[in-house]
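1 is the number of the first residue of the sequence shown in full-length UniProt numbering; add one for each residue after it. From the three backbone atoms N, C-alpha and C, an ideal C-beta is built for every residue, glycine too. Owing to the predicted nature of the structure, the values given are computational and were not obtained by experimental measurement. Remarks on the structure that follows.
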Amino acid sequence: MRFSRRVVPTLAALTLLFTLPYDAVSDEKPEKRRAPSGAACRIDIDRDLVSASCHNPYPTIDRVALHIECDEWWDIDTDSRPKTVFPAETLRLDGRCWKNVRTAWVSHLKRAP
Numbered sequence: 001m002r003f004s005r006r007v008v009p010t011l012a013a014l015t016l017l018f019t020l021p022y023d024a025v026s027d028e029k030p031e032k033r034r035a036p037s038g039a040a041c042r043i044d045i046d047r048d049l050v051s052a053s054c055h056n057p058y059p060t061i062d063r064v065a066l067h068i069e070c071d072e073w074w075d076i077d078t079d080s081r082p083k084t085v086f087p088a089e090t091l092r093l094d095g096r097c098w099k100n101v102r103t104a105w106v107s108h109l110k111r112a113p
């Protein structure tokens, strides 16, 4: 099978067009990438006690809060007040339930500049 002289360049151009990354094809400016931020938190649950250790390795300030959902229906779920984690700082958050803990997580709040 022999291709004509017009088909081969057209096929090559279409192949390049579809294999180039989207940013190279579009005329729009690429979006600015956000610098990484936010504290990394590790949560330890021991039956009714919860402790979260948050370390902020970035040069921006992060605000974290600990949320605890208790297993029993009559046990009150708790949310801690947001605390500030400064750059290169480690912060510990503690909480508890009367009986068992169902789940716990840490939320991050952006601090206004």
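Going by DSSP, Gly-95 is part of the beta strand (DSSP E) stretching over 89-96. Looking from the CA of Trp-74, the closest CA among His-67, Ala-88, Cys-97 belongs to Cys-97. Apart from the 5 residues on each side of it in sequence, Arg-102 sits with its Cβ closer than 8 Å to the Cβ of Glu-69, Cys-70, Asp-71 in its chain, given in chain order.
DSSP places Thr-84 in the strand class (E or B) of the three-state scheme. No residue range can be given for Lys-99, since it is assigned to no beta strand (DSSP E) and is classified by DSSP as neither H nor E. Spanning the alpha carbons of Ala-40 and Asn-100 requires a straight line of approximately 25 Å. DSSP places Ile-43 in the uninterrupted beta strand (DSSP E) bounded by 40-46. Taking C-beta separations shorter than 8 Å and ignoring five residues to either side along the sequence, the partners of Ile-45 in its chain run Val-101, Ala-104, following chain order.
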